[in-house]
């Protein structure tokens, strides 16, 4: 499983969206919430 998120420097809106998507994916994979906080 591979996910790629392209974010340009200074593009905080896209970076925030990517972060939210990563969190959602990790939650679906049953990753512990404490680990998600450290990862994202």
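Residue numbers (the numbering used here): 630 to 669. Ideal Cβ positions, reconstructed from N, Cα and C, are used throughout, including at glycine.
Residue i - containing alpha helix (DSSP H), residue span
i, result
"residue 657", "641-657"
"residue 664", "662-668"
Contact belief for residue i with residue j at Cβ below 8 Å, rounded distance in angstroms
i, j, result
"residue 656", "residue 668", "Contact flag wrong, Cβ pair sits at about 11 Å."
Residue i and residue j closer than 8 Å at C-beta
i, j, result
"residue 634", "residue 654", "no"
"residue 660", "residue 647", "no"
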